[in-house]
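The block underneath contains the structure these notes are about, expressed in structure tokens.
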Amino acid sequence: MTLLRPDCFNFRDFLGKIPSLVWIILSGLMTFAAFPPSPLGFLASVSLIPFIYAMNKDDFHLGMEKGFIYGIFLNLGILFWLALNKGTQWYWATLSMASGVLFLSLNYAAIGLIVGIIGRRLGKSVGLLSFPFVWIAIEYLRSFGTLGFTWNNLCYTQAYAVQLIQMANVIGPGGVGFWIVAINVLIYFVLFGNITSRKIPILLSVLFLLFFIPETYGIFRLKSAGSSAEKRMVHVGIVQPNVDPTRKWDRHSFYDNMQLLHDLTDSVAVKPLDLVVWPETATPTFLRQNRRGSLADIISHITRLNVSLLTGTPDFEWLKEDDYEVFNSTFLLRPNSYEIEDYRKIQLVPFGEYIPLSDLFPELENLNLGQGNFKAGKTVNVFRVPLKVDRSVTTDTTLGFTTVVCYESTFPSLIREGAKKGSELLVIVSNDAWFGYMTAPFLHAEISRFRAIENGIPVVRSANTGISLVFDSRGREICRKGFGEKGWLDAVIEQGEPTTPYVRFGDWVAMFCVAISTGLIVVALIKKRGI
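Per the numbering used here, the sequence shown starts with residue 271, numbered consecutively.
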């Protein structure tokens, strides 16, 4: 029996005449189109098929070149907004975008190279089956180091599919990415695989289960997330000042900007709150060194409101008389106290907040690419604030929370480290204003949904110009303030329980993919091509 597949209509001959370059470009563009804010996340389930088709069509030759071209079109679509950075000259912004696209495309070149070697040495079927393992292994490995980057991980194409991605609390972001690539490979086998018609129902059954199991698990997990009398509720206020980043550091606008923060805080704190959050570098001054000025004003203000405040702020530390280090920090400030608890941003933006290798070659810091020469922090801190019954009555219970700054929210392992230390809430402070009304603020905001699901804790996000929002511990949106809007949000959220399998076991799927990929590479290099 022969099923009606593309070869029955001579589609194979027709498709085979289309140059591989066209398939690769199409694959890159389709994958880009699946990322938020696009609603076409479902495209990710088929977007890699043209890439896979081109690899198999050419007998797994030129894999590195194919991967590199795929990466260019994917990354150009995702990162084009880097060229629009208002914080530097247009030529430096364009250069940084082009450099980033080319550098990150090397990851996909590595995928193509490795899969190509496996396919040529161990046979086409093994090469095709290696795709999910190699893809996720490379994604995982590129998350490490000072040049680590996870913004374009495949899993984020499914950010809007809240029910589906509940599985991330077990298999992590790498597992979701593996699921996507595996579906592409299976569909390829169904459409173009050199397999008997008897095996088609088996492949279709596997495909059905790959959707049925995650969706069923998602339904169960979302329904089991009802409120419990034993869980504590947290009252949080979020301030979104919507200040033009080019004016924030203008000394003539300093008092107006600070007054705006205070006014918005007064508005949101009409109700009793446990915590108020200001965005990244909300205070355009070094608060720690400005104790009699801005810091005193803030302490007086939050004392009157009887609420703790977390704010983003620059900070510096003297090393010696003529040398100091600058940090992108968050401060936790409490009523009636000048004691400062701080967190220093650990994962800095390459070429945006520091010059790579400047620790080894200090003269590199003299380069002026529009970047800030920040130093990286070292420790993930868990802050604690008391929970209230009303504005004047504080309970004996406390909320433990961690905070990350902007770009750091795209690194799952960093948030997991805080959850392992007992964090029950993640607070993200950000400033996405530099890139205007482009795709960046929307994708950046949606990425944080994964952090909530993975760790089983709510996420509170305060961004200067947006998008500010709150996700519950299942990644469901509670409230949002749109990009370019001035205002505030207040939310009552259920305290999280960071006890998910992902918190306990981490990126075990991704590490398994690294192990399998390594094994396949070793076997491929020492074994002759399979028949």
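Yeah, the Cβ is synthetic: ideal placement off N, Cα and C, and Gly gets one too.
Per-residue burial, residue i [other beta carbons within 10 Å of its own, 16 or more giving buried]
i	result
THR535	buried
LEU349	buried
ASP544	buried
PHE401	buried
ARG468	exposed
THR673	buried
MET367	buried
ILE483	exposed
LYS287	exposed
SER762	Sequence check: residue 762 is Val here, not Ser. So VAL762 counts as exposed.
PHE671	buried
ALA785	exposed
VAL675	buried
LYS615	buried
SER693	buried
LEU759	buried
ARG521	exposed
Strand pairing of residue i, partner residues [DSSP]
i	result
TYR613	THR600
ALA761	VAL506
ALA304	ALA304 is not bridged to any residue.
PRO584	ASN598
ARG521	According to DSSP, ARG521 bridges with nothing at all.
GLY670	ARG654
LYS590	ASP593
GLU747	PHE741
VAL730	VAL697, VAL740
VAL675	VAL699
SER578	LEU545
Own chain residues within Cβ distance below 7 Å of residue i, not counting five before or after
i	result
ALA304	LEU310, GLY311, LEU313, ALA314, SER317, THR427
GLN641	Because the pLDDT at GLN641 is just 48, under 50, the model does not fix this residue reliably, and the point stays unresolved.
ALA324	SER290, TRP293, ILE294, LYS336
ALA689	ASN725, ILE727, PRO768, VAL773
LEU346	VAL371
VAL655	ASP544, LEU545, SER578, THR668, LEU669
LEU657	ARG502, VAL504, ASP544, THR665, THR667, THR668, LEU669
LYS518	ASN527, PRO554
GLU678	LYS615, ILE616, GLN617, LEU684
THR680	THR420, TRP421, ILE717
THR788	none
PRO573	Inspection of the sequence shows that residue 573 is occupied by Thr rather than by Pro. Result list for THR573: PRO605, ASN606, in chain order.
Cβ neighbours of residue i in the same chain (closer than 8 Å, five flanking residues each side left out)
i	result
ILE356	According to the sequence as given, residue 356 is Lys; it is not Ile. So the qualifying residues of the chain are PRO515, THR516, ALA703, TRP704, PHE705, GLY706.
Contacting residues, own chain, Cβ-Cβ under 6 Å from residue i (five flanking each side not counted)
i	result
ALA380	ILE408
LEU344	GLY298, THR301, PHE302
ALA429	PRO306, GLU716, ARG719
PHE506	As written in the sequence, residue 506 is Val, which differs from the Phe given in the question. Around VAL506: LEU545, VAL730, ALA761.
SER537	TRP758
PHE403	CYS783, ILE786, SER787
**Study point:** Stretch-stretch touch, CB-based, cutoff 8 Å, three pairs: the region 435-445 with the region 768-780
**Key:** yes
Exercise for review: Kindly confirm or deny that the region 594-609 and the region 575-585 touch, where touching means at least three C-beta pairs closer than 8 Å.
Suggested key: They touch, by the three-pair rule.
Check your understanding: Should the region 558-567 be regarded as contacting the region 711-728, the criterion being three or more beta carbon pairs within less than 8 Å?
Key -> no
Check your understanding: Looking at C-beta atoms only, is the number of pairs between the region 744-756 and the region 465-483 that lie closer than 8 Å three or more?
Key -> Contact annotation: the region 744-756 does not touch the region 465-483, with fewer than three C-beta pairs closer than 8 Å.
Review point. In chain order, which continuous runs of the alpha helix (DSSP H) of length 4 or greater are located wholly inside the region 522-569?
Key: 524-538
Review point. Is the region 475-495 close to the region 693-702, with three or more CB pairs under 8 Å?
Key: no
Practice item. For the region 330-363, list the beta strand (DSSP E) runs that are entirely contained and at least 3 residues long, ordered along the chain. Key: none
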